[in-house]
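Numbering (this note's numbering), first residue to last: 667 to 795.
Glycine included, every Cβ here is placed at the ideal spot set by N, Cα and C.
Computed from a prediction, not measured in an experiment: that's the story for all the values here.
See structure below.
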Amino acid sequence: HDSKQSHQGSKNDALEPPLVEAIQNLENLQWFGLTELYEPSLCMLIYQSKGHLPKFCDCNSDIHKARQKNLHHVTHKIHKHDVNRLNLRIKRKIDHITRIDQQLYNHAKDIFMARIVELERLTNASLVC
667 HDSKQSHQGS KNDALEPPLV EAIQNLENLQ WFGLTELYEP SLCMLIYQSK GHLPKFCDCN
727 SDIHKARQKN LHHVTHKIHK HDVNRLNLRI KRKIDHITRI DQQLYNHAKD IFMARIVELE
787 RLTNASLVC
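Here it is as structure tokens:
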């Protein structure tokens, strides 16, 4: 069955993804990460694939603290963006066309954080610094 056909004749915009289906797919993923929590995401993946958590994943470990001192953010010479510089009409348009994405992201973050809390409990480590 062609996914394009399933949206034809719908009252909703054909480009709008079905939120319930997207949430179900998300919940069925064994692993996913969040960009803004890159390191905890990577640590969760390592734990799930290898069965142990590397010391650098624990915020309280000396290895983690030493690594943090040596990390540098690469900007690729792109200036920092400020959403507050956008006018209200543009912000509203963005919010409108991303409303399903926002709901899915919020659900993903809730799932992710619950998994992190469980991993911290299992490993007695602090993963979100």
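If you ignore the 5 residues before and after Ser707, its C-beta comes within less than 7 Å of the C-beta of Gly699 and Leu700, all in its own chain and listed in chain order. The alpha carbon of Glu687 has as its nearest neighbour, out of Leu770, His745 and Asn726, the alpha carbon of Leu770.
For Phe722, there is no enclosing alpha helix (DSSP H), as DSSP marks it with neither H nor E. Of the candidates Met710, Ile689 and Tyr704, the residue whose Cα lies closest to the Cα of Arg787 is Met710. The C-alpha of Glu693 is placed about 28 Å away from the C-alpha of Phe722. Contact between Ile766 and Glu682 holds: CB atoms are separated by about 6 Å, below the 8 Å threshold.
Contact check for Tyr713 and Leu785: beta-carbon distance about 6 Å, within the 8 Å limit, so the pair qualifies. Using a Cβ distance threshold of 7 Å, Ser792 and Asn726 count as a contacting pair. When the alpha-carbon of Thr789 is set against those of Pro720, Val740 and His762, the nearest one is in Pro720. DSSP, reduced to helix, strand and coil, places Gln696 outside both helices and strands of the structure shown, so it counts as coil. Around the C-beta of Ile782, 16 or more other C-beta atoms lie within 10 Å, and the residue is accordingly described as buried.
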